[in-house]
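Participant: This is the structure, below, for whatever I ask next.
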Amino acid sequence: MDKKASAQVTEDNNAKKGVASVHKSLLGDCPELKAVSKLVGQVRNHYLYVHTLPWDNAGWRLLPTTLMFDFFNTMTELQNEF
Numbered sequence: 251m252d253k254k255a256s257a258q259v260t261e262d263n264n265a266k267k268g269v270a271s272v273h274k275s276l277l278g279d280c281p282e283l284k285a286v287s288k289l290v291g292q293v294r295n296h297y298l299y300v301h302t303l304p305w306d307n308a309g310w311r312l313l314p315t316t317l318m319f320d321f322f323n324t325m326t327e328l329q330n331e332f
C-alpha cells in the first residue's frame with residue numbers, strides 16, 4: 251500500500267482519513283509475470299491438488315509418503331523448466 255498516495259487521494263477528495271487505500275502494481279502489464287502466474291496456477295490445479303489431500307480449511311495439504319520422491323522430483327523439474 252502506498253501511504254503517501256492514499257493520503258493524497260483522501261486530501262484531494264475531502265474524505266475522512268483512512269477511507270482511501272492506494273495499491274500500486276509495480277510490474278503492471280509485465281508478460282513475464284503473467285507467464286509465471288499462469289504456470290503457478292496450472293501446477294497448483296493440475297498437479298498439486300491431484301497428488302495431495304486436503305488437511306484443513308486453511309489450505310494445508312497432505313502428501314502421502316509413497317508419492318514424496320516422485321512429487322519432489324516433478325516439482326523440481328517444473329521449477330527448473332521456468
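In this text, residue positions in the sequence shown follow our numbering: the first is 251, and each later residue adds one. Virtual Cβ for every residue (Gly too), placed ideally from N, Cα, C.
Starting from LEU277, trace the alpha helix (DSSP H) in both directions and tell me its first and last residue.
Facilitator: As a working mapping, residue 277 is identified with position 27 in the sequence shown. Per DSSP, LEU277 belongs to no alpha helix (DSSP H) and is neither H nor E.
Participant: Looking at the strands, I want to know which residues DSSP matches up with LEU313.
Facilitator: The residue labelled residue 313 in the question sits at position 63 within the sequence shown. Answer is none; LEU313 lacks a bridge partner.
Participant: Do you know offhand how far ASN295's Cα is from ASP262's?
Facilitator: Stepping through the sequence shown from its first residue, residue 295 is reached at position 45. Stepping through the sequence shown from its first residue, residue 262 is reached at position 12. If I take the Cα positions, the gap works out to 44 angstroms.
Participant: With the cut-off set at 9 angstroms, would you say TRP305 and LEU298 are in Cβ contact?
Facilitator: Along the sequence shown, read from residue 1 onward, the residue named residue 305 stands at position 55. Along the sequence shown, read from residue 1 onward, the residue named residue 298 stands at position 48. No, Cβ-Cβ distance for TRP305 and LEU298 is not below 9 angstroms.
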